[in-house]
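Student: Please see the structure below; I have some questions.
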Amino acid sequence: MAKALRLALRDAELRRRFEMLRQSGQTVEASVAELLGPHEDDEGRPYYLSEERVRTVVYRK
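Just so you know, the numbering used here puts 1489 at position 3 of the sequence shown, and the rest follows in order with no gaps.
Right, dumping it as structure tokens:
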């Protein structure tokens, strides 16, 4: 359950940041590239998201 909550919070933050980047004039491609990572897992290790995953999150597919 804690992992699901962390992922939901991460996804909400990605959507918020995507909207801010787009409002500042960045293209979709540049915004997605900026949101790929690095992110941190539960143990503090960095990981990256795929472009497909970022687009799925920001467009809520």
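Ideal placement from N, C-alpha and C gives every residue a C-beta, glycine not left out.
Just so it is clear, the structure is predicted and the values come from calculations on it, not from any experiment.
DSSP puts E1520 in a beta bridge; with which residues?
Tutor: Counting from 1 along the sequence shown, the entry for residue 1520 is found at position 34. Per DSSP, none; premise fails for E1520.
Student: Which word fits V1514, buried or exposed, when buried means at least 16 other C-beta atoms lie within 10 angstroms of its C-beta?
Tutor: Sequence index remark: in the sequence shown, residue 1514 carries index 28 (1-based). V1514 should be labelled exposed.
Student: State buried or exposed for L1561, treating a residue as buried only when at least 16 other CB atoms are found within 10 Å of its CB.
Tutor: Summary: the structure shown does not reach residue 1561, with the chain confined to residues 1487 through 1547, and so no result is reported for it.
Student: Would you kindly work out how many angstroms separate the C-alpha atoms of P1532 and R1502, rounded to a whole number?
Tutor: Here residue 1532 corresponds to residue number 46 of the sequence shown, with the count starting at 1. Here residue 1502 corresponds to residue number 16 of the sequence shown, with the count starting at 1. Those two C-alpha atoms are separated by around 21 Å.
Student: Leaving out five residues before and five after V1544 in sequence, what residues of the same chain have Cβ atoms less than 7 Å from its Cβ?
Tutor: By 1-based counting over the sequence shown, the position of residue 1544 is 58. Only L1500, R1501 and F1504 meet the Cβ criterion.
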